[in-house]
Amino acid sequence: MTTTIRTSSPSPATGRRRGLAIAGIALVVGGAAAAIAVTAREHVVSSSSFDHVREIVVEIDAGSVALSRAPGAVVDVTTVRAWASTAPSTAAEVVDGVLHIDGDCPDGAIACSVRHDISVPAGTPVRVAVGTGSVEAAGLDVPALDVRTDTGSVAATFATAPDHVVLLTRTGSIAVTVPAAAYDVDAHAAVGTVAVGITDVPGAPHTLQVGATIGSVLVDGS
0 MTTTIRTSSP SPATGRRRGL AIAGIALVVG GAAAAIAVTA REHVVSSSSF
50 DHVREIVVEI DAGSVALSRA PGAVVDVTTV RAWASTAPST AAEVVDGVLH
100 IDGDCPDGAI ACSVRHDISV PAGTPVRVAV GTGSVEAAGL DVPALDVRTD
150 TGSVAATFAT APDHVVLLTR TGSIAVTVPA AAYDVDAHAA VGTVAVGITD
200 VPGAPHTLQV GATIGSVLVD GS
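Rendered as structure tokens:
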């Protein structure tokens with residue numbers, strides 16, 4: 000079942016003004032004229048549910064992803080599309096047990112983003128790829144989590160010890176907190192800080208690969 004709600008709200012540039020904003024406002028300051036184009040931002044919220052999912056794969060080019068632990072075996076997905084000029088495209092479908100969730104902003108789109116809020120059933124591995132944006136995973140009970148961003152922050156916590164975790168970004172911060180267990184930890188940053196608050200056990204059955212090209216990395220235990 001899918002539910003869709005559409006609203007219009009001003010972009011941050013409009014302050015508290017509502018509706019379609021005025022384009023081409025001329026401001027004269029000290030004899031100089033400046034034109035400011037202010038554009039209303041559209042929002043569309045949709046919700047879908049999926050069962051019989053063995054893996055979740057998410058790909059968006061701009062926006063954010065929030066992962067939370069599902070109370071049962073059903074994956075609930077709430078998607079928020081926002082734009083000022085051209086709407087982003089989104090899709091969610093199950094193929095051979097793999098739930099593919101996508102979001103794409105057209106080239107040249109203004110103030111375009113996609114947010115996916117996803118509830119993840121226990122035991123379901125997740126892979127996420129984001130171009131520009133953030134990823135937050137809270138209290139997951141999954142065997143594997145793989146998150147990669149070009150630019151953006153990543154934060155992850157777990158209810159049970161995951162088998163394999165990969166959290167990588169080119170530019171941004173990464174913070175992961177894991178339950179007590181033996182972990183083989185690979186934490187690195189080419190430019191930035193690295194702090195590891197758990198013991199690295201080479202060859203341990205649980206592996207953590209956490210890295211940033213430019214940014215900070217934090218690995219801690221709960």
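Counting along the sequence shown from 1, when you hit position 145 you're at 144 in numbering that gives the first Met the number 0, and nothing is skipped either side.
Every residue, glycine too, gets a C-beta built ideally from N, C-alpha and C.
Asked: Excluding five sequence neighbours on each side, which residues of the same chain lie with their C-beta closer than 6 Å to the C-beta of phenylalanine 49?; Found: Val74, Val93 and Leu98
Asked: I believe valine 184 touches leucine 207 by the beta-carbon criterion, under 8 Å. Please report the beta-carbon distance rounded to the nearest angstrom.; Found: 5 Å
Asked: Using a threshold of 8 Å, state whether the C-beta atoms of alanine 137 and proline 124 are closer than that.; Found: no
Asked: What number of angstroms, rounded off, separates the C-alpha of aspartate 219 from the C-alpha of valine 177?; Found: 6 Å
Asked: Would you give the residue range spanned by the beta strand (DSSP E) that threonine 159 belongs to?; Found: Note, threonine 159: premise wrong, no beta strand (DSSP E); not H, not E.
Asked: Can you check DSSP and say which residues form a bridge with isoleucine 55?; Found: Leu98 and Val125
Asked: Indicate the three-state DSSP secondary structure (helix, strand or coil) for threonine 206 in the structure shown.; Found: strand
Asked: In three-state terms, what does DSSP make of aspartate 106?; Found: coil
Asked: Buried or exposed: which applies to valine 134, given that a residue is buried once 16 or more other Cβ atoms fall within 10 Å of its Cβ?; Found: buried
Asked: Ignore the nearest five residues each way along the sequence and tell me which others in glycine 96's own chain have a CB closer than 8 Å to its CB.; Found: His51, Val52, Arg53 and Glu54
Asked: By the 10 Å Cβ neighbour count, where 16 or more other Cβ atoms means buried, how is serine 221 classified, buried or exposed?; Found: exposed
Asked: Considering just the uninterrupted stretch of the beta strand (DSSP E) at alanine 143, what are its terminal residues?; Found: 143–150
Asked: Please go through the same chain and pick out, in chain order, the residues whose beta-carbon is closer than 7 Å to the beta-carbon of valine 195, but skip the five residues on each side of it.; Found: Val184, Ala186 and Val218
Asked: Hey, could you find the ends of the beta strand (DSSP E) alanine 186 is sitting in?; Found: 182–190
Asked: Using CA coordinates, which residue listed in Val141, Ile109, Ser112 and Val57 is at the minimum distance from arginine 147?; Found: Val57
Asked: Between valine 76 and isoleucine 197, what straight-line distance do the alpha-carbon atoms span, to the nearest angstrom?; Found: 33 Å
Asked: Out of Thr150, Ala179, Val165 and Tyr182, which one is the CA nearest neighbour of glycine 214?; Found: Thr150
Asked: Please state if the CB of valine 153 and the CB of glycine 171 are separated by a distance shorter than 8 Å.; Found: yes
Asked: Taking the C-alpha atoms as reference points, what is the distance between serine 63 and threonine 212?; Found: 20 Å
Asked: Count the other CB atoms, across all protein chains shown, that sit within 10 Å of the CB of glycine 102; report buried if there are 16 or more and exposed otherwise.; Found: buried
Asked: Counting only the same chain and skipping the five closest in sequence on each side, list residues whose C-beta sits under 6 Å from that of alanine 180.; Found: Ala160 and His205
Asked: Check this for me: beta carbons of serine 118 and serine 67, under 8 Å apart or not?; Found: yes
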